[in-house]
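**Q** Dropping the structure in here first, questions after.
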Amino acid sequence: MAREISINPLTAHGFFAEIVGADLADPSDDAQFATIKAAHLAHGVIVIRDQRLTPDQQIAFSRRFGPLAIHVLEDQLLAGHPEILLVSNKTEDGRYVGLPDAGRFWHTDQSYERRPALGSLLYALEVPSDGSGDTLFCDMSAAYAALPAATKDRLNGLRGMHIYDHGHKAFALGEAQKARLPGHDHPLVRTHPETGRKALYLGGKVLKHVIGLEADESAALLDELYAHCQSETFVYRHKWRLGDLVFWDNRCTMHFAQPYDDATYTRHMHRTTVQGDIPV
Ligand code: SIN
């Protein structure tokens with residue numbers, strides 16, 4: 003019997019939707035997969051509630067969207083499951099088991115690579131009991147659509163240089179890791195390969211400068227774009243519940259993990275990342 007899945011948009015303009023009634027533990031359910039894929043494309047970010055997933059089940063479901071990326075920080079991957087990046091402030095023997103401060107600035111995943119991530123699936127296994135540790139999401143398609151025509155014209159053909167240097171509090175890249183990630187340039191506006199919609203493609207502190215502009219001109223343009231897209235109109239704040247699996251489309255959104263009291267509370271999540279194509 004087909005599952006009863008409901009899709010509830012959580013903003014007035016349809017960005018970010020909640021999905022209730024799905025069970026991702028069964029990745030072979032084609033009808034469910036088609037519903038979730040369509041919702042992901044339509045809403046940019048979806049939260050699939052009430053999941054109970056083993057690492058193998060999360061990996062199998064994620065793989066239905068494409069090959070999975072293995073994160074460069076190999077010490078922060080789940081043992082035996084390198085497809086899973088641990089986003090966690092748990093410690094074992096005095097060291098963090100995962101990344102305690104992943105994504106603490108506006109960004110889109112792996113924008114420093116030639117083929118940045120299509121999407122990321124973050125599954126909440128433990129969340130702070132005081133309700134903190136939210137993630138903000140920004141609708142970059144709506145933000146682009148709302149730009150004045152003169153700004154759209156100005157952005158036409160401009161490209162930005164993206165370089166990995168997150169400055170995580172506990173980890174620095176080794177020389178071999180740095181050599182693997184020289185950085186890449188991408189258009190400031192990209193066209194979504196599946197929906198055809200245009201979106202701003204920025205990267206927070208990973209996006210170093212706009213190619214061909216003087217440093218001050220580049221900084222002023224990026225400041226103007228960030229101020230525009232980070233206005234309340236385009237941003238949704240997700241408050242995590244246990245069992246949430248949030249799946250965001252990196253091709254048309256940015257996200258920003260909010261700090262929380264990590265000396266008091268545990269926030270433990272498994273992230274899988276689907277490889278994408280070259281932004282155009
Ligand atoms: C990330 O950027 O992958 C982490 C987001 C979060 O922890 O909310």
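So the sequence shown is numbered by the numbering used here: it starts at 3 and just counts up by one. Idealized CB from N, CA, C, for every residue including glycine. Keep in mind the model is a prediction, meaning the values are calculated, not measured.
When DSSP builds the beta bridges, which residues end up paired with Lys200?
**A** DSSP, once it has assigned bridges, lists Thr193 as partnering Lys200.
**Q** With a Cβ-Cβ cutoff of 8 Å, do Leu70 and Glu85 count as a contact?
**A** Contact: yes.
**Q** Grab me the residues of Pro130's own chain with a C-beta within less than 6 Å of its C-beta, minus the 5 sequence neighbours each way, in chain order.
**A** If we look at Pro130 and ignore the five residues flanking it on each side, its Cβ neighbours are Tyr262, Tyr267, Arg269.
**Q** With H, G and I counted as helix, E and B as strand and the rest as coil, what does DSSP make of Gln232?
**A** Three-state DSSP puts Gln232 in coil, outside helix and strand.
**Q** Give me the Cβ distance between His42 and Phe249, rounded to the nearest whole Å; I'm assuming they're in contact under 8 Å.
**A** About 6 Å; that satisfies the 8 Å criterion.
**Q** What is the rounded straight-line gap between the Cα of Phe139 and the Cα of Glu177?
**A** So the alpha carbons of these two residues sit roughly 32 Å apart.
**Q** Does the beta-carbon of His257, which I'm using as the reference point, lie nearer than 7 Å to any heavy atom of the ligand SIN?
**A** For the ligand SIN, at least one heavy atom lies less than 7 Å from the Cβ of His257.
**Q** How many whole angstroms separate the CB atoms of Val282 and Thr197, which I take to be in contact at a CB cut-off of 8 Å?
**A** Contact doesn't hold; Cβ gap of about 14 Å is too wide.
**Q** Please go through the same chain and pick out, in chain order, the residues whose beta-carbon is closer than 6 Å to the beta-carbon of Gln260, but skip the five residues on each side of it.
**A** Contacts found: Asp136.
**Q** In the DSSP assignment, what residue or residues form a beta bridge with Leu247?
**A** Partner(s): Ile50, Tyr125.
**Q** Please report the straight-line C-alpha distance between Val276 and Gly68, rounded to a whole angstrom.
**A** Near 6 Å, if we compare the C-alpha coordinates of Gly68 and Val276.
**Q** My understanding is that Asn252 touches Leu120, with C-beta atoms under 8 Å, so please give their C-beta distance in whole angstroms.
**A** Yes, Asn252 and Leu120 are in contact; Cβ-Cβ is about 6 Å, under 8 Å.
**Q** The ligand SIN and Arg243: does the residue's C-beta get closer than 7 Å to at least one heavy atom of that ligand?
**A** Checking every heavy atom of the ligand SIN against the Cβ of Arg243, none is found closer than 7 Å.
**Q** Counting along the chain, where does the beta strand (DSSP E) carrying Gln277 start and finish?
**A** First-last of the beta strand (DSSP E) with Gln277: 270-277.
**Q** Leaving aside the five residues before and after Lys210 along the sequence, list all residues of the same chain whose C-beta is less than 6 Å from its C-beta, in chain order.
**A** Correct list, in chain order: Met163, Ile165.
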